[in-house]
Amino acid sequence: MDERATDKVREAIVGRDLIPRGGHVVVGFSGGPDSMCLFHILLRLREEFEFTVSAVHVNHGFRPGAADDDQSRAEKLCADWGAPLDVRVLDVAALAREWGETQEEAGRTARYRAFDEAALDVERRTGIPRESIKVAVAHNRNDQAETVLMRFLRGSGPDGLAGMPFRRVGEAGYDVIRPLLAADRVEIEAYCASRDLEPAIDHTNEETRYHRNRIRLKLLPLLREDYNASVDDAILRLARIAEEDRDFFDAAVREIIAAECRFFDARSGSAPCSSARIALPALAEARPAIRHRLIIAIFKDLGLAQDIETAHIEAADRLIESGKTGKSIDFPSGYSLEISYNFAIFAARRASDTPDETHTLEMETLERARDMSISFRLFDLRFRVVTFVPKRGTDARGEIDAFGFEGALPCDLVALRRDSNALVLDFDSLREDADALTLRTRRPGDRIAPEGMTGGKKIQDLFVDMKLPKNERERIVLVAAGDDILWVPGKRKTRKYATGENTRRALIVCLLVSGSGV
Numbered sequence: 001m002d003e004r005a006t007d008k009v010r011e012a013i014v015g016r017d018l019i020p021r022g023g024h025v026v027v028g029f030s031g032g033p034d035s036m037c038l039f040h041i042l043l044r045l046r047e048e049f050e051f052t053v054s055a056v057h058v059n060h061g062f063r064p065g066a067a068d069d070d071q072s073r074a075e076k077l078c079a080d081w082g083a084p085l086d087v088r089v090l091d092v093a094a095l096a097r098e099w100g101e102t103q104e105e106a107g108r109t110a111r112y113r114a115f116d117e118a119a120l121d122v123e124r125r126t127g128i129p130r131e132s133i134k135v136a137v138a139h140n141r142n143d144q145a146e147t148v149l150m151r152f153l154r155g156s157g158p159d160g161l162a163g164m165p166f167r168r169v170g171e172a173g174y175d176v177i178r179p180l181l182a183a184d185r186v187e188i189e190a191y192c193a194s195r196d197l198e199p200a201i202d203h204t205n206e207e208t209r210y211h212r213n214r215i216r217l218k219l220l221p222l223l224r225e226d227y228n229a230s231v232d233d234a235i236l237r238l239a240r241i242a243e244e245d246r247d248f249f250d251a252a253v254r255e256i257i258a259a260e261c262r263f264f265d266a267r268s269g270s271a272p273c274s275s276a277r278i279a280l281p282a283l284a285e286a287r288p289a290i291r292h293r294l295i296i297a298i299f300k301d302l303g304l305a306q307d308i309e310t311a312h313i314e315a316a317d318r319l320i321e322s323g324k325t326g327k328s329i330d331f332p333s334g335y336s337l338e339i340s341y342n343f344a345i346f347a348a349r350r351a352s353d354t355p356d357e358t359h360t361l362e363m364e365t366l367e368r369a370r371d372m373s374i375s376f377r378l379f380d381l382r383f384r385v386v387t388f389v390p391k392r393g394t395d396a397r398g399e400i401d402a403f404g405f406e407g408a409l410p411c412d413l414v415a416l417r418r419d420s421n422a423l424v425l426d427f428d429s430l431r432e433d434a435d436a437l438t439l440r441t442r443r444p445g446d447r448i449a450p451e452g453m454t455g456g457k458k459i460q461d462l463f464v465d466m467k468l469p470k471n472e473r474e475r476i477v478l479v480a481a482g483d484d485i486l487w488v489p490g491k492r493k494t495r496k497y498a499t500g501e502n503t504r505r506a507l508i509v510c511l512l513v514s515g516s517g518v
């Protein structure tokens, strides 16, 4: 018996921790040589590694008659082997027209959706945790070389040249694993022959109208014959080096995301996340290799796992370099990147879809708590009531070293009042007029008495003067007392309730920005 393919699958399971004990593997089973080899090996190894196995067969409807024969053969084999089989019959040609994709692209999308649905059925039926259910596909070493070359021809970056990983997280949250990826077609065919397995032959694999087929049937043979007889090995060395680089950069990017990036749901701050924010300097000051991967990784965490092109990344670079609040660019599938309050905001839905966000802070609560923070989709605000005795004649220049913002904000009230990221009010004067502060988006009739101006100004007019785009105006969170706006964070403050020599308690509200310890 030829055991080379078995040994490589076993090495992948052990060395890469592909299948946990007590887990379940859903195998994509077309009945061809690769999937038959993989399915048969996993059935033989299931007791050794203590996992269970089932198969899912997708009838694409491409080859009337032949496709039905393949389905019947898959059903008979699974019955003979005592293995559960889930059959999915699809009209991929119709799906391709509906989705505006090639039949090759639509077939891949439909297959993986069918695999995910089968995995979900297993999860519901058995109660096995999702993280212990794996979807196994039968890509092999030759497929890897074809994939890398295909991506190179399409202009892929270094990460794309790393090829297909042994494991990735699928769209539904199930790990997609490739236990057969280190085995080549010769070893797979030898395994099937040594066990008298009779895999189905898909004759569409010989049709050059498919892009991958042309690479396998025309380009690679040409390269082997005229340029490098070992071109497959050379391509796979490139993939291995690119994979090492990708893993290094991925780890670096994940460290930055963990330290600098916050994810939010637009309504409640809970999963699933629909937006994320990262301090603008964390992107602007990063080297391009890191910045570009950060952009892609954050969008991926929000659900945009593909279709990001070089043009999107270049547009993001220009946006980040400009640093202008209110500017935004569109990414595929309704995602967007925009600049707001020294943050880059990654959004999974358009700004006009953002729900209103309101917080009410009772004065009594502020006084009692003395220190609190409120998180918004776009930023954080921190509140503290400070009691101090000002020095006479110094316009309330009280030392506030204990305020807790060392290194981020000035340590006296005069300087703090001049900081655009802080609001300083006489707390007792404010409390005489208001029972609570409201943090909310704008409402009709809102007005502010801006510093440096006489009289009042409508917030609507203020936003027009600031040249804020209309959709951006609906997102600005204001600090208000009733209809009286006290602060447009980072933009304009009220001249009311100013601190002075008679101030004994000050309310300080800080917009937390990069460097403030967020």
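Going by the numbering used here, the residue at position 154 of the sequence shown is 154; the numbering climbs one at a time, nothing skipped.
Note that CB positions come from ideal geometry on N, CA and C, so glycine has one too.
Treat the numbers as computed from the prediction; the structure is a model and nothing was measured.
Let me know the secondary structure DSSP gives Asp86 once reduced to three states. Reading the sequence shown from its first residue, position 86 is the one you call residue 86. DSSP places Asp86 within a strand segment (E or B) once states are collapsed to three.
With the cut-off set at 8 Å, would you say Arg447 and Ile485 are in Cβ contact? Numbered from its first residue, the sequence shown carries residue 447 at position 447. Numbered from its first residue, the sequence shown carries residue 485 at position 485. When the beta-carbon positions are compared, Arg447 and Ile485 come within less than 8 Å of each other.
Taking C-beta to C-beta, are Phe39 and Ile19 nearer than 8 Å? Locating residue 39 in the sequence shown gives position 39, where the first residue counts as 1. Locating residue 19 in the sequence shown gives position 19, where the first residue counts as 1. The answer is no: Cβ separation not under 8 Å.
Answer with yes or no whether the minimum CB distance from Glu98 to chain B is below 8 Å. Absent from the structure: chain B. Only one protein chain is present.
Is it buried or exposed for Pro332, if we count other Cβ within 10 angstroms and need 16 for buried? Translated into positions along the sequence shown, residue 332 becomes position 332. Pro332 comes out exposed.
Taking only the alpha-carbon atoms, compute the straight-line gap between Tyr210 and Leu219 and give it to the nearest angstrom. Your numbering for residue 210 matches position 210 in the sequence shown. Your numbering for residue 219 matches position 219 in the sequence shown. The straight-line gap separating the alpha-carbon atoms of Tyr210 and Leu219 is approximately 13 Å.
Near Met164, which residues of its chain fall below 8 Å by C-beta distance, leaving aside the five closest residues on each side in sequence? Within the sequence shown, the letter at position 164 stands for residue 164. So the list reads His139, Asp143, Gln144, Thr147, Arg178 and Leu181, once near-sequence residues are dropped.
Tell me the start and end of each unbroken beta strand (DSSP E) in the region 84-153 that is at least 3 residues and wholly inside, in chain order. Listed in chain order, the beta strand (DSSP E) runs fully inside the region 84-153 are 85-89 and 133-136, counting runs of at least 3 residues.
Taking the alpha carbon of Arg167 as the reference point, which residue from Gly445, Trp487, Asp7 and Val25 has its own alpha carbon closest? If you number the sequence shown from 1, residue 167 lands on position 167. Comparing Cα positions, the closest option is Val25.
Taking C-beta to C-beta, are Thr358 and Ile339 nearer than 8 Å? Numbered from its first residue, the sequence shown carries residue 358 at position 358. Numbered from its first residue, the sequence shown carries residue 339 at position 339. Against a cut-off of 8 Å, the Cβ pair of Ile339 and Thr358 comes out as no contact.
Ala234 burial status per 10 Å Cβ neighbour count (16 or more: buried): Position 234 of the sequence shown holds residue 234. Ala234 is classed as exposed because its beta carbon has fewer than 16 other beta carbons within 10 Å across all chains shown.
Just to confirm my understanding: we take Arg4, look at its own chain, exclude 5 residues before and 5 after, and list those with CB closer than 8 Å. What are they? On the sequence shown, residue 4 is found 4 positions in, with the first residue counted as 1. Within the same chain, Arg4 has close Cβ partners Ala183, Glu187, Ala190 and Tyr191.
Could you pull out every unbroken alpha helix (DSSP H) segment of at least 4 residues lying fully inside the region 446-496, listed in chain order? Every unbroken stretch of the alpha helix (DSSP H) spanning 4 or more residues and falling wholly within the region 446-496 is given here in chain order: 459-465 and 470-473.
Please work out which residues of its chain come closer than 6 Å, Cβ to Cβ, to Lys493, disregarding the five sequence neighbours upstream and downstream, and give them in chain order. Within the sequence shown, residue 493 is the residue found at index 493, counting from 1. Closer than 6 Å at the Cβ level, and outside the excluded window around Lys493, lie Leu423, Glu451 and Trp487.
For Gly500, is the classification buried or exposed, using 16 other Cβ atoms within 10 angstroms of its Cβ as the cut-off for buried? Numbered from 1 along the sequence shown, position 500 holds the residue referred to as residue 500. Counting Cβ neighbours within 10 Å, Gly500 comes out exposed, since fewer than 16 surround it.
From what residue to what residue does the beta strand (DSSP E) around Thr310 run? The residue labelled residue 310 in the question sits at position 310 within the sequence shown. Under the DSSP assignment, Thr310 falls outside any beta strand (DSSP E), being part of the alpha helix (DSSP H) whose first and last residues are Thr310 to Ser322.
Would a C-beta distance cut-off of 8 Å place Ala436 and Leu361 closer than the cut-off? Translated into the one-based positions of the sequence shown, residue 436 becomes position 436. Translated into the one-based positions of the sequence shown, residue 361 becomes position 361. A contact, by the Cβ cut-off of 8 Å.
Spatial neighbours of Asp245 within its chain, please: CB distance less than 7 Å, with the 5 preceding and 5 following residues excluded, ordered by chain position. Mapped onto the sequence shown, residue 245 falls at position 245. Result list for Asp245: Pro158, in chain order.
Where does Arg240 sit, in a helix, a strand or coil, going by DSSP? For this step, residue 240 is matched to residue 240 along the sequence shown. Reduced to three states, the DSSP call for Arg240 is helix.
Check whether the region 271-286 and the region 312-329 are in contact - that is, three or more C-beta pairs closer than 8 Å. The answer is yes - the region 312-329 touches the region 271-286, with three or more Cβ pairs under 8 Å.
Can you tell me the Cα-Cα spacing of Ile308 and Ala276, whole angstroms? Within the sequence shown, the letter at position 308 stands for residue 308. Within the sequence shown, the letter at position 276 stands for residue 276. Computed Cα separation, rounded: 17 Å.
In terms of DSSP beta bridges, what is Arg167 paired with? Counted from its first residue, the sequence shown places residue 167 at position 167. Residue pairing from DSSP places Arg167 in a beta bridge opposite Ile177.
Is the separation between the beta-carbon of Ala172 and that of Leu120 shorter than 8 Å? Within the sequence shown, residue 172 is the residue found at index 172, counting from 1. Within the sequence shown, residue 120 is the residue found at index 120, counting from 1. The answer is yes: Cβ separation under 8 Å.
Between Trp99 and the rest of its own chain, which residues show a CB-CB distance below 6 Å, the 5 nearest in sequence each way excluded? Here residue 99 refers to the residue found at position 99 when the sequence shown is read from its first residue. Ala106.
Beta carbon of Gly61 nearer than 8 Å to that of Ala96: Locating residue 61 in the sequence shown gives position 61, where the first residue counts as 1. Locating residue 96 in the sequence shown gives position 96, where the first residue counts as 1. Not closer than 8 Å, so no.
Give the range of the beta strand (DSSP E) segment to which Asn59 is assigned. Numbered from 1 along the sequence shown, position 59 holds the residue referred to as residue 59. Asn59 -> beta strand (DSSP E) spans Thr52 to Asn59.
Phe263: first and last residue of the uninterrupted beta strand (DSSP E) it sits in: By one-based count along the sequence shown, residue 263 stands at place 263. Per DSSP, Phe263 belongs to the beta strand (DSSP E) from Cys261 to Phe264.
Cα-Cα separation between Phe29 and Thr126, rounded to whole angstroms: By one-based count along the sequence shown, residue 29 stands at place 29. By one-based count along the sequence shown, residue 126 stands at place 126. Cα to Cα, the separation comes out at about 21 Å.
Three-way DSSP call (helix, strand, coil) for Phe249 in this model: For this step, residue 249 is matched to residue 249 along the sequence shown. Reduced to three states, the DSSP call for Phe249 is helix.
Mind checking which residues open and close the alpha helix (DSSP H) that includes Asp202? Mapped onto the sequence shown, residue 202 falls at position 202. Careful: Asp202 lies outside any alpha helix (DSSP H) and carries neither H nor E.
Which partner residues does Phe346 have in the DSSP bridge list? In the sequence shown, residue 346 corresponds to position 346, counting from 1. DSSP, once it has assigned bridges, lists Ala276 and Leu337 as partnering Phe346.
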